[in-house]
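Read left to right, the sequence shown gives residues 8 to 175 (the working numbering). Think of the CB as a built atom: it goes at the ideal place given N, C-alpha and C, for glycine as much as any other residue. Encoded as structure tokens, the structure appears first; notes follow it.
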Amino acid sequence: MSQITAYFSENIGKILSTFFTAMTPIGELRASIPLGLGVYKLDIYSTIIFSILGNLIPAVVIVYALEPVSKFLMKRFRIFDRFFTWLFNRTRKKYYKKFEKYSGFALATFVGIPLPVTGAWTGATIAFVFGIPPKKAVLDIFLGILMAAAIVTIVFKTVGYVSFITVR
């Protein structure tokens with residue numbers, strides 16, 4: 008137990024930096040895992056765990072907060088009512104049949120492929136727009152985050168240091 012305590016007290020700043028980097032909408036796991044492993048030289052387990060937690064927390068907040076916020080705005084401001092009505096009608100009419108068929112798989116895969124503009128933040132927004140129940144959305148997003156963490160870790164460990172992140 009004392010080794011764990013010593014590790015965390017030694018590396019708390021690096022761990023928190025990795026955690027908060029994973030919370031950002033642009034960086035997410037794509038940045039936090041290379042940061043933790045490559046720049047800070049943290050062990051693989053704490054890097055992955057804190058990156059997953061940091062990436063999941065904003066997604067859960069978004070999934071549970073967007074609906075009440077949008078309903079509030081729709082009741083208070085006519086422009087938001089028009090916007091959200093247009094957005095929901097257009098998106099659901101255009102994509103819902105395809106998305107309904109593969110919704111869980113599609114959302115998890117979308118979140119799990121570590122490319123720009125994919126990830127937990129966008130996945131949470133998509134879940135809101137398509138009306139996926141929050142519990143199901145969080146589970147699908149979590150599975151996608153696990154997939155992304157595995158992909159980023161494998162790529163980072165096999166390819167090596169990413170030149171734009173590490174300084175030699």
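May I have the straight-line CA-CA distance separating residue i from residue j, to the nearest angstrom?
i	j	result
I148	Y71	13 angstroms
G111	L23	31 angstroms
I158	L122	11 angstroms
Y47	F87	44 angstroms
T92	L60	33 angstroms
T28	L114	22 angstroms
R85	F95	15 angstroms
N18	T25	11 angstroms
A144	E107	13 angstroms
T98	K21	41 angstroms
L36	R83	36 angstroms
K78	R89	12 angstroms
L150	S58	14 angstroms
L146	T129	15 angstroms
S16	L73	36 angstroms
L7	G34	Only positions 8 to 175 of the chain appear in this structure, which leaves residue 7 out of reach.
Y14	V76	41 angstroms
F163	L80	42 angstroms
I120	Y109	16 angstroms
S9	L49	18 angstroms
Out of the options, state which residue places its alpha-carbon closest to the alpha-carbon of residue i.
i	options	result
A155	I56, I133, S9 and N18	I56
A179	T165, N62 and I133	Here the chain covers residues 8 to 175 and nothing more, so residue 179 does not appear.
V166	M30, P41 and S16	P41
T132	S53, V68, T54 and T25	V68
V118	R97, K108, I152 and F95	I152
I64	T31, S53 and T116	T31
T125	A66, T25, L49 and I11	A66
I161	G20, I51 and E35	I51
I11	V76, T116, S53 and L44	S53
Name the two residues that bound the continuous alpha helix (DSSP H) containing residue i.
i	result
P65	I51 to R83
I133	A127 to V136
K143	P141 to V166
I33	Note, I33: premise wrong, no alpha helix (DSSP H); not H, not E.
(Q) With three or more beta-carbon pairs closer than 8 angstroms as the criterion, would you say the segment 95–104 touches the segment 133–140? (A) Contact annotation: the segment 95–104 touches the segment 133–140, with at least three C-beta pairs closer than 8 angstroms.
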